[in-house]
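Undergrad: I'd like to ask some things about the structure below.
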Amino acid sequence: GAVVSQHPSWVICKSGTSVKIECRSLDFQATTMFWYRQFPKQSLMLMATSNEGSKATYEQGVEKDKFLINHASLTLSTLTVTSAHPEDSSFYICSARWLVAGAFNEQFFGPGTRLTVL
Amino acid sequence: AQSVTQLGSHVSVSEGALVLLRCNYSSSVPPYLFWYVQYPNQGLQLLLKYTSAATLVKGINGFEAEFKKSETSFHLTKPSAHMSDAAEYFCAVSEAGGGADGLTFGKGTHLIIQP
Numbered sequence: 640g641a642v643v644s645q646h647p648s649w650v651i652c653k654s655g656t657s658v659k660i661e662c663r664s665l666d667f668q669a670t671t672m673f674w675y676r677q678f679p680k681q682s683l684m685l686m687a688t689s690n691e692g693s694k695a696t697y698e699q700g701v702e703k704d705k706f707l708i709n710h711a712s713l714t715l716s717t718l719t720v721t722s723a724h725p726e727d728s729s730f731y732i733c734s735a736r737w738l739v740a741g742a743f744n745e746q747f748f749g750p751g752t753r754l755t756v757l
Numbered sequence: 492a493q494s495v496t497q498l499g500s501h502v503s504v505s506e507g508a509l510v511l512l513r514c515n516y517s518s519s520v521p522p523y524l525f526w527y528v529q530y531p532n533q534g535l536q537l538l539l540k541y542t543s544a545a546t547l548v549k550g551i552n553g554f555e556a557e558f559k560k561s562e563t564s565f566h567l568t569k570p571s572a573h574m575s576d577a578a579e580y581f582c583a584v585s586e587a588g589g590g591a592d593g594l595t596f597g598k599g600t601h602l603i604i605q606p
């Protein structure tokens with residue numbers, strides 16, 4: 640159980656275009672989804688926290704107008720990279736959890752999406 | 492604010508030798524601590540977690556870690572390395588109780604297994 644998928648697994652796009660990445664919780668309802676970014680040979684950096692039905696909370700330094708996050712249902716969150724540039728090329732990983740008050744709420748990670756902007 | 496420091500960006504051990512990956516954390520409240528493994532071009536797999544229960548935590552693939560509050564450490568060990576253990580390992584901390592916040596990750600340690 641607790642499987643998270645991402646689509647696509649990799650994408651190549653031209654500079655200036657927009658790219659949408661989907662994150663789905665396949666067998667549970669995710670009250671919260673997180674989006675991370677990982678540069679080559681570096682650690683994961685939290686970009687934003689997304690609660691179902693609410694606006695995402697972005698970490699300091701992350702441009703919310705560039706990285707649009709939508710969490711319209713309990714099983715789907717999307718990250719849209721708008722007007723992508725080569726410096727946006729990275730590995731994007733989502734995670735999802737369901738909230739149970741008073742209990743530990745583990746995050747389950749997706750397999751990641753490799754974005755390459757030419 | 493919370494932070495994680497992983498000592499050694501690369502660790503090389505011989506097959507069959509002890510694996511020790513170091514992690515120190517900083518947190519203003521009792522932390523939840525995690526070790527994840529990442530294989531090339533893949534997502535993260537949880538190895539083990541500490542959530543304020545037993546201080547010695549056993550995980551998958553023969554790994555274990557011990558939470559030492561006095562040393563603010565959560566080092567990962569495995570008695571005997573296997574070639575399949577070669578991967579990137581990340582230590583992470585969650586400050587809010589119940590894992591309510593996003594995780595703060597260390598920079599990672601690349602584990603190399605020598606035949």
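Heads up: the sequence lines are chains R and P, in that order.
Numbers 640 to 757, taken from this note's numbering, label the letters of the first sequence in order.
Numbers 492 to 606, taken from this note's numbering, label the letters of the second sequence in order.
C-beta: ideal position from N, C-alpha, C; glycine also.
(1) For P/Val548, count the other beta carbons within 10 Å of its own beta carbon; 16 or more makes it buried, fewer makes it exposed. Which is it?
(2) Can a CB atom of chain R be found closer than 8 Å to the CB of P/Gln533?
(3) Along the beta strand (DSSP E) that carries P/His501, what are the first and last residues, could you check?
(4) Roughly how many angstroms separate the alpha carbons of R/Ser689 and P/Thr542, rounded to a whole number?
(5) How would you call P/Met614, buried or exposed, if buried means at least 16 neighbouring beta carbons within 10 angstroms?
(6) By the criterion of Cβ-Cβ separation under 7 Å, what are the contact partners of P/Leu539 in chain R?
(7) Does the CB of R/Phe748 have a neighbour CB from chain P at under 8 Å?
(8) Tell me whether R/Ser712 sits in a helix, a strand or coil according to DSSP, three-state version.
(9) Check for me: the beta strand (DSSP E) holding R/Phe673 runs from which residue to which?
(10) For the beta strand (DSSP E) containing P/Gln605, list its first residue and its last residue.
(11) Could you tell me whether the Cβ of R/Ser606 comes closer than 8 Å to any Cβ of chain P?
(12) With a threshold of 7 Å on Cβ separation, who are the neighbours of P/Glu506 within its own chain once the five nearest residues in sequence on each side are excluded?
(13) Assuming P/Ala583 is part of the beta strand (DSSP E), what are its boundary residues?
(14) Apart from the five residues just before and just after P/Ser518, which ones in its own chain have a Cβ nearer than 7 Å to its Cβ?
(15) Any chance the region 560-568 of chain P sits against the region 510-529 of chain P, with 3 or more Cβ pairs inside 8 Å?
(16) Whole angstroms is fine: what's the gap from R/Gly700's alpha carbon to R/Ser729's?
(17) Identify the contact partners of P/Phe596 in chain R, using a Cβ-Cβ distance below 7 Å as the criterion.
(18) Kindly list the residues whose CB is nearer than 6 Å to the CB of R/Thr717, restricted to its own chain and excluding five residues on each side of it in sequence; keep chain order.
(19) Skipping 5 residues on each side, what residues in its chain have a beta carbon closer than 6 Å to that of R/Ala735?
(20) For P/Glu555, does the three-state DSSP call read helix, strand or coil?
TA: In brief:
(1) buried
(2) Yes, contact with chain R.
(3) His501 to Ser505
(4) 23 Å
(5) Not covered by the structure: residue 614 of chain P. The range shown for chain P is 492 to 606.
(6) Within chain R, no C-beta atom comes less than 7 Å from the C-beta of P/Leu539; the nearest is roughly 12 Å away.
(7) yes
(8) Strand, per DSSP.
(9) Thr671 to Gln677
(10) Thr600 to Gln605
(11) The requested residue 606 of chain R is not part of the displayed model; chain R covers only 640 to 757.
(12) Answer for P/Glu506: Ala572, His573, Met574, Ile604, Gln605 and Pro606, listed in chain order.
(13) Ala578 to Ser585
(14) Gln493, Val584 and Glu586
(15) yes
(16) 16 Å
(17) Ser682 and Leu683
(18) Hits under 6 Å: Lys659, Glu661 and Asn709.
(19) Val643, Ser664, Ala669, Met672 and Phe747
(20) strand
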